[in-house]
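Below: the structure, in structure tokens.
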Amino acid sequence: MATDADRFATPRMAAGALFVDDQDRILLVHKTYSNGWDIPGGYVDIGESPAAACRRELREELDLDREPQRLLVVDWAPNDGEGDKVLWLFDCGTLDDDEQRIILDDSELDRWEWAPVNKIGDYVIPRLVRRLTQAYRAYVHGYSVYLEHGQPPGR
Numbered sequence: 007m008a009t010d011a012d013r014f015a016t017p018r019m020a021a022g023a024l025f026v027d028d029q030d031r032i033l034l035v036h037k038t039y040s041n042g043w044d045i046p047g048g049y050v051d052i053g054e055s056p057a058a059a060c061r062r063e064l065r066e067e068l069d070l071d072r073e074p075q076r077l078l079v080v081d082w083a084p085n086d087g088e089g090d091k092v093l094w095l096f097d098c099g100t101l102d103d104d105e106q107r108i109i110l111d112d113s114e115l116d117r118w119e120w121a122p123v124n125k126i127g128d129y130v131i132p133r134l135v136r137r138l139t140q141a142y143r144a145y146v147h148g149y150s151v152y153l154e155h156g157q158p159p160g161r
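All you need for the numbering used here is the position in the sequence shown, starting with 1, plus 6.
Right, dumping it as structure tokens:
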């Protein structure tokens with residue numbers, strides 16, 4: 007007989023931070039363990055909120071204490087390797103003087119870079135291009151958006 011635990015979804019969750027500078031560039035970090043670019047962030051621990059996970063990841067990865075601001079994106083993005091997955095992307099403001107204080111966790115990251123929004127596809131995989139493009143639009147226009155695989159449902 008199936009229990010409630012067998013019937014209800016328990017997706018893996020991740021939280022990320024969107025930083026945009028005054029030249030419409032997005033902060034990306036380069037991961038040492040997968041040879042790819044991404045935004046700062048990571049998995050949500052059991053009992054941790056997505057905003058708390060974003061805060062923790064910014065401390066761990068960049069040595070920055072930042073409070074996530076507005077929620078920009080919730081993206082339902084299951085995949086074969088990880089199963090059901092929900093990604094939360096927060097506006098974390100601008101860096102300004104904090105940019106000079108970034109200290110990377112060299113066990114995870116080896117560099118960071120500002121990527122022009124219109125060149126983001128040169129850095130990240132297609133599903134992340136879709137998610138970041140939608141997040142940037144939400145950031146600019148002041149709304150939050152629900153996505154499925156980086157796109158509004160039904161697209």
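Glycine included, C-beta positions come from ideal geometry on N, C-alpha and C. Predicted, not measured: the structure shown is a model, and the values here were computed from it.
#1: For Y145, which of helix, strand or coil comes out of DSSP?
#2: List, from N- to C-terminal side, the beta strand (DSSP E) runs of 3 residues or more that fit wholly inside the stretch 109 to 144.
#3: Distance, Cα to Cα, W43 vs D12?
#4: Considering R61, what are the terminal residues of the alpha helix (DSSP H) in which it resides?
#5: Are the Cβ atoms of R31 and A83 separated by less than 8 angstroms?
#6: Mapping the DSSP letters down to three states, classify R31 as helix, strand or coil.
#7: On the DSSP bridge assignment, give the partners of H36 in chain order.
#8: Could you tell me the alpha carbon to alpha carbon distance between Q29 and P122, rounded to whole angstroms?
#9: Measure the C-alpha to C-alpha separation of Q75 and L101 and round it to an integer number of angstroms.
#10: Just to confirm my understanding: we take V130, look at its own chain, exclude 5 residues before and 5 after, and list those with CB closer than 6 angstroms. What are they?
#11: Where DSSP assigns a beta bridge to G89, which residues make up the other side?
#12: Cα-Cα, which of L138, G160, F14, H155 is closest to L78?
Well, looking at it:
#1: helix
#2: Qualifying beta strand (DSSP E) stretches, in chain order: 115 to 122.
#3: Answer to the nearest angstrom: the Cα atoms are 35 angstroms apart.
#4: 56 to 68
#5: no
#6: strand
#7: W43, R117
#8: Those two C-alpha atoms are separated by around 8 angstroms.
#9: 13 angstroms
#10: W43
#11: N85
#12: L138
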